[in-house]
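Notes follow the structure.
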Amino acid sequence: MSAARILTLVPKTAAGGPPRGLSKAAREEWKRLAPVLRQRGTLTAETEPLLAAYVGAIGMIAEIDRELRGAKLTIKGANGIPRVHPLVGARNRASQNALQFAKRLGIIGSGAPAPSSPKGGEDADPYADLGV
Numbered sequence: 278m279s280a281a282r283i284l285t286l287v288p289k290t291a292a293g294g295p296p297r298g299l300s301k302a303a304r305e306e307w308k309r310l311a312p313v314l315r316q317r318g319t320l321t322a323e324t325e326p327l328l329a330a331y332v333g334a335i336g337m338i339a340e341i342d343r344e345l346r347g348a349k350l351t352i353k354g355a356n357g358i359p360r361v362h363p364l365v366g367a368r369n370r371a372s373q374n375a376l377q378f379a380k381r382l383g384i385i386g387s388g389a390p391a392p393s394s395p396k397g398g399e400d401a402d403p404y405a406d407l408g409v
């Protein structure tokens, strides 16, 4: 199924608000980002489904993180051999999807505003001020 087809399946928003059926974490991300994207002029009726897909992926990551909290990241398979917990793969896929949607929305990547020039020259970490 193509991304365009998936995005047409996203429920319509109610008066510019988050679509129905989003998780709490996804709604909070929508409420945080939508005003910023509207102010930039990048959130339109045509791009709202893309934002819904992005916040849905963020919500899924939050839900998986809750499930994995306190769980072991490796489990024993049917043959007794340890393997990575299946939710780790699902989280990785949701993260990849969120990253792709964020790039398309201009939240990160070439469409996003460049970080301010770091102090300390060209070799300084441009993301140091983000606290990551």
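Going by my numbering, the residue at position 51 of the sequence shown is 328; the numbering climbs one at a time, nothing skipped.
Yeah, the Cβ is synthetic: ideal placement off N, Cα and C, and Gly gets one too.
Contact check, residue i vs residue j, beta carbons under 8 angstroms
i      : j      : result
His362 : Ala348 : yes
Ile338 : Arg309 : no
beta-carbon residue i near the ligand SAH non-hydrogen atom, thresh 7 angstroms
i      : result
Lys349 : No copy of the ligand SAH appears in this structure; indeed no ligand is present at all.
Member of the options whose CA lies at the smallest distance from the CA of residue i
i      : options                           : result
Glu306 : Leu320, Gly333 and Ala322         : Gly333
Gly366 : Asn356, Ile352, Ala379 and Phe378 : Ile352
Ile341 : Ala302, Leu327 and Gly383         : Ala302
Leu382 : Leu299, Arg297, Pro326 and Arg346 : Pro326
Ile335 : Gly386, Arg315 and Ser300         : Ser300
Ile384 : Gly298, Val313 and Gly354         : Val313
Cα-Cα separation between residue i and residue j, rounded to whole angstroms
i      : j      : result
Ile358 : Arg304 : 39 angstroms
Pro295 : Asn356 : 45 angstroms
Arg318 : Phe378 : What sits at residue 318 in the sequence shown is Gly, not Arg. Taking the straight line from one Cα to the other gives about 17 angstroms.
Gly388 : Glu344 : For Gly388, the predicted structure reports a pLDDT of 49, less than 50, and the residue's modelled location is therefore unreliable. The matter cannot be settled from this model.
Leu350 : Ala330 : 27 angstroms
Lys380 : Ser372 : 12 angstroms
Limits of the unbroken alpha helix (DSSP H) element including residue i
i      : result
Ala302 : Lys301 to Arg317
I'd like the ranges of any beta strand (DSSP E) spanning at least 3 consecutive residues and lying wholly in the stretch 329–389.
351–353 and 359–361
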